[in-house]
Amino acid sequence: MRTVLGGFVDVLITIFTLESACKSYAEYCQCVKNILKHLRPGGRLVLGSVLEEESYNSGKDVIFHLLHLSEDQILSALGSAEIDLDSVKKYVLDEDGVMFLMATKN
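Numbering (mature numbering (1 follows the signal peptide of the UniProt record, and there is no 0)), first residue to last: -26 to -1, 1 to 80.
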C-alpha cells in the first residue's frame, strides 16, 4: 500500500469536505476508505460533517452543494473503513445540522 510521506499519519482531520467532494453515498464510502488507508492503526480521525442538508452557506453568497448524509450513514461508512465504532466520541449541534466526532482506527 502506498502511504503518505513513506509512512502513516497519527491523526487525520477532515472538516466539511467529504460531503462536498462526493456525489453519491458509494463514492463517499470509497473516499472514506481511501483517506483512512493513510491513518495508522490506533490513529485518530477527527471529522466534522453537515447532517441531512443538500447545501451549506458559508457566509455572504458562498453556497456549497453537499451530499445529503444522515448520522447513521456516516457511522456506517466509518465502520466499513476500519474505524472502531465503540471509540466514537461525537458532538451534534442539532439546530445547526452539524456533527463533530473523534474515533480510533482498528
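All residues carry an ideal CB built from backbone N, CA and C; glycine is no exception.
Does DSSP put residue i in a helix, in a strand, or in coil?
i     : result
Ala77 : strand
Ser61 : strand
Around the C-beta of residue i, are 16 or more other C-beta atoms found within 10 angstroms, so that it is buried, or is it exposed?
i        : result
Leu67    : exposed
Lys79    : buried
Leu59    : exposed
Ser29    : exposed
Val(-16) : exposed
Ile(-12) : exposed
Ser23    : buried
Thr65    : The amino acid at residue 65 is misidentified as Thr; the sequence shows Tyr. Under this definition Tyr65 is an exposed residue.
Val36    : exposed
Would you mind reading off the limits of the alpha helix (DSSP H) that contains residue i?
i       : result
Lys(-4) : Where Lys(-4) is concerned, there is no enclosing alpha helix (DSSP H), given that its DSSP letter is neither H nor E.
Hey, could you find the ends of the beta strand (DSSP E) residue i is sitting in?
i        : result
Asp(-17) : -18 to -12
Can you tell me which residues form a DSSP beta bridge with residue i?
i     : result
Val20 : Ile(-14), Met76
Val66 : Met73
Of all the CB atoms in chain D, is at least one closer than 9 Å to the CB of residue i?
i    : result
Cys5 : In the structure shown, chain D does not exist; there is a single protein chain.
> Which parts of the region 24 to 59 are runs of the beta strand (DSSP E), unbroken and 3 residues or longer, counting only runs that do not cross its ends?
Replying inline: Within the region 24 to 59, the complete beta strand (DSSP E) segments at least 3 residues long are 29 to 31, 37 to 39, listed from N- to C-terminus.
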